[in-house]
Every structure is written in C-alpha cells, then in structure tokens.
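Notes follow once the structure below has been shown.
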Amino acid sequence: MHTKPRATSRKAALLSHPLAEQERMEALRAYQILDTPAEEAFDDLVKLASYICGTPTSLVTLVDSERQWFKARIGMEVESTPREQAFCQHAMFAEDVYEVEDASLDPLFQRNPLVTSSPNIRFYAGAPLVTPHGQPIGTICAIDTVPRRLDEQQRDALRILAREVVAHLELRRARLQIEYEQQKLEELLRMSNDAAGSIHMAGGQNEIFVKQEHKLVRLKTADIRYIEALGDYVNIYVGQERFTVYSTMKELEAKLPTRDFARIHRKYIVRLDRIVAIESDAVIVEASRSADRPSTVMPVPIGSSYKATLLSRLNLI
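Laid out in structure tokens, this is it:
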C-alpha cells in the first residue's frame with residue numbers, strides 16, 4: 001500500500017502550464033541558493049528528518065528546470081539527479097506529505113533508475129516546500145531501501161521541518177538583501193564623497209557625506225571642529241555631536257579643503273579657524289559656538305613633527 005496525496009487543481013496546472021512553471025522557477029531562483037555550499041542550518045534539518053523517520057537517507061531538494069538539486073543531504077552520495085527521475089517533482093505538488101511505501105510496486109516509479117539500481121529506493125516520504133506566495137520549489141524527504149510506512153507523528157514532523165526549511169530560505173534571502181543594500185549604500189557614500197571632493201576643487205560649497213545607521217548624513221566642513229583617528233575608525237566632531245565612520249585619516253584628509261584644515265598629529269586633524277590658542281604640546285580648539293552661551297574650548301595634542309608646519313600656516317606676529 002502507498003499513500004500519495006493528489007495535487008490540487010492549481011498545483012496540477014503548474015505541472016503543465018509553461019507560464020506557471022516559469023513563475024515557479026523565478027520564485028526558486030530568487031532565493032539565490034542553487035549550487036551554493038552546504039549550510040549548517042539545512043544540514044541539521046535533514047539529520048532531524050532522518051532521525052524522526054528512522055531512515056538512512058534524508059534530503060532537502062530543490063527542483064530546477066532539468067534536475068533536482070540537494071541543498072542538504074545525508075545518506076546520498078550524489079548532489080543532484082535528473083528531474084524526470086525525481087520523486088520530489090511529484091511530491092512538491094502534493095497537498096500533504098507524499099508517501100510511497102514500496103516504489104517497486106508502484107506503476108509510477110517501479111521502472112525508475114533510482115528504484116531499479118543504486119540507490120535502490122523502496123520507501124519515499126516528502127513534504128513540499130512552499131514559498132509564502134504559494135510556489136512549490138522542492139521538498140524535505142526521507143528515503144529508505146526497504147518498504148515502510150510513517151505514522152502520523154512522523155508525517156506531522158515532516159510538515160514542521162518543511163516549514164522550517166522555507167523559514168531558513170526566507171531568512172537567508174533577507175540577509176542577502178541586507179548585504180546588497182549595504183553594498184549599494186557604501187557605493188553611494190563613495191560617490192557622494194567623490195562628488196563633494198569635486199565641489200571643493202571647483203570652489204563651491206564644501207561638504208562631505210557620512211554613513212550613520214544605514215543612512216547618509218550631510219556634514220558641512222565649516223562645522224567640523226576636529227577629527228580623531230581611532231583604530232580602523234575616525235571620529236568627526238561637529239558642534240556637540242560626534243560621528244564615527246569606517247575610514248582612515250589619509251582618506252578623510254583628502255576629502256577636506258586643505259586651506260581650512262591642518263594635520264597636527266598622526267591621530268588628529270583640526271579646522272584652523274577653530275584654534276583659539278596654542279600651548280607647548282596642544283592646540284586649544286573651540287568646542288562650540290552659540291549666540292546664547294559662552295563658547296567652550298578643549299585641548300588637542302600636537303605631534304612634534306607637525307608643529308612647524310602648523311605654525312607656518314598661521315598669521316604670526
């Protein structure tokens with residue numbers, strides 16, 4: 001005996017309608033997962049399926065146009081098989097767990113090369129992987145070389161594992177999307193800084209853009225008090241605010257108007273018109289400007305090798 005839930009009319013149409021199959025393939029490829037390396041999350045799920053169903057083989061299969069590819073596998077040496085031989089191409093369109101108790105007695109599978117030769121499949125049970133938009137893309141399945149039958153708890157476990165596989169696919173896609181958006185933001189930041197540099201060279205308004213919490217913030221260089229290097233990061237002090245960016249002093253120095261800023265230490269750049277006094281080993285920098293309160297000042301160290309250059313740029317009497 002073998003139980004194989006029938007496909008719904010909608011899913012059955014997917015088997016024969018080219019446009020619907022194209023939509024299914026687009027849904028699968030949107031995950032960008034075909035032919036990717038093994039991942040622990042999916043490997044753990046096939047191990048659970050094998051333990052729960054008591055079978056030597058379990059797979060997470062994704063059904064491509066001409067093959068079924070195994071994202072995770074246990075007890076199976078090959079990483080894909082032709083689609084026309086795949087039990088999963090039938091199981092993914094089923095209403096529920098698709099179960100074949102003895103494939104050698106089933107007219108649909110008894111001449112299948114996966115049954116008549118290695119791996120000599122007899123038992124198969126697969127739960128469909130269905131995207132949130134209702135597209136079937138594969139299965140999580142359990143396979144054995146001897147006939148058997150699952151109990152209802154085992155079938156329910158396969159249903160749960162199928163939902164977990166889809167949840168991991170969605171999380172993986174979301175992570176890739178975030179990484180892609182971050183790359184675009186980095187590129188936009190680079191282009192914005194390059195544009196700001198071009199404005200400076202043309203004698204226009206001076207400004208830079210810095211990335212803060214996934215957004216770009218415009219800073220006028222006239223408002224910058226000083227800049228401090230901190231390992232792989234740079235702190236930019238503007239008024240009473242501090243902006244931390246991933247950059248180097250050399251890269252940032254190239255973006256600033258050279259007539260307005262001076263490097264006074266390997267770790268510090270100051271805006272010249274914010275210097276209110278110079279002591280032996282520090283410049284005193286105006287920390288804030290406000291019409292309704294006195295300005296505050298703070299010391300910034302001077303490197304000995306930078307002091308002469310700084311003094312040469314000041315209007316000394």
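Residue numbering for the sequence shown follows full-length UniProt numbering, beginning at 1 and increasing consecutively.
Glycine is no exception: its CB is placed at the ideal position from the N, C-alpha and C atoms.
If you compare the alpha carbons of Cys-88, Ser-80 and Pro-147 with that of Leu-105, the shortest gap goes to Pro-147. Excluding the 5 residues flanking it on each side, Asn-112 has same chain C-beta neighbours closer than 6 angstroms at Gln-85, in chain order. Spatial neighbours of Arg-24 in its own chain (CB-CB distance under 8 angstroms, excluding positions within 5 residues in sequence) are listed in chain order as Leu-14, Gln-135, Pro-136 and Ile-137. The beta-carbon separation of Phe-70 and Glu-79, rounded to 5 angstroms, stays under the 8 angstroms limit for a contact.
Note: Leu-129 is bridge-paired with Gly-138 in the DSSP secondary-structure output.
The alpha-carbon separation between Asp-232 and Glu-253 amounts to approximately 15 angstroms. In the DSSP assignment, Thr-55 is bridged to no other residue.
Gln-68 and Phe-87 have their C-alpha atoms roughly 9 angstroms apart. A direct Cα-Cα distance of roughly 13 angstroms separates Arg-263 from Arg-274. With respect to the C-alpha of Thr-57, the residue from Val-63, Arg-271 and Leu-48 having the closest C-alpha is Leu-48. Residue Val-283 holds the alpha-carbon nearest to the alpha-carbon of Leu-311 among Val-283, Val-115 and Leu-158.
Around the beta carbon of Tyr-246, fewer than 16 other beta carbons sit within 10 angstroms, so the residue counts as exposed. Across the structure, Arg-149 and Ile-52 are spaced so that their CA atoms are roughly 13 angstroms apart. When rounded, the separation of the alpha-carbon atoms in Lys-211 and Val-217 is 6 angstroms. Within 10 angstroms of the beta-carbon of Arg-271 lie 16 or more other beta-carbons, which makes it buried. In this structure, the alpha-carbon of Ala-167 lies about 11 angstroms from that of Phe-42. With fewer than 16 neighbouring CB atoms inside 10 Å of its own CB, Met-191 falls in the exposed class. Every alpha helix (DSSP H) stretch that sits fully inside the region 22-57 and reaches 4 residues is listed by chain position as 40-53. The distance from the Cβ of Glu-286 to that of Arg-225 is about 7 angstroms, consistent with a contact at the 8 angstroms cut-off. Around the beta carbon of Pro-82, a 10 Å sphere encloses fewer than 16 other beta carbons of the protein chains shown; the residue is thus reported as exposed.
The C-beta separation of Gln-89 from Val-130 comes to about 14 angstroms, leaving the pair out of contact by the 8 angstroms criterion.
Taking C-alpha positions only, Val-100 is separated from Ser-118 by approximately 17 angstroms. The C-beta separation of Pro-132 from Ala-94 comes to about 18 angstroms, leaving the pair out of contact by the 8 angstroms criterion. Residue pairing by DSSP places Lys-220 opposite Glu-207 in a beta bridge. Taking each of Leu-188, Glu-152 and Leu-219 in turn and checking the Cα distance to Thr-244, the smallest one comes out for Leu-219. Annotation: the continuous alpha helix (DSSP H) that includes Val-115 extends over 113-116. Just measuring C-alpha positions, the residue of Ala-277, Met-249 and Ser-305 sitting nearest Glu-228 is Met-249. With contacts defined by Cβ atoms closer than 8 angstroms, Asp-151 and Thr-55 do not form a contacting pair.
Taking the Cα positions, Leu-19 is about 14 angstroms away from Leu-28. Membership of Lys-71 in the beta strand (DSSP E) is indicated by the continuous run 67-74. Glu-251: member of the alpha helix (DSSP H) spanning 249-255, first to last residue.
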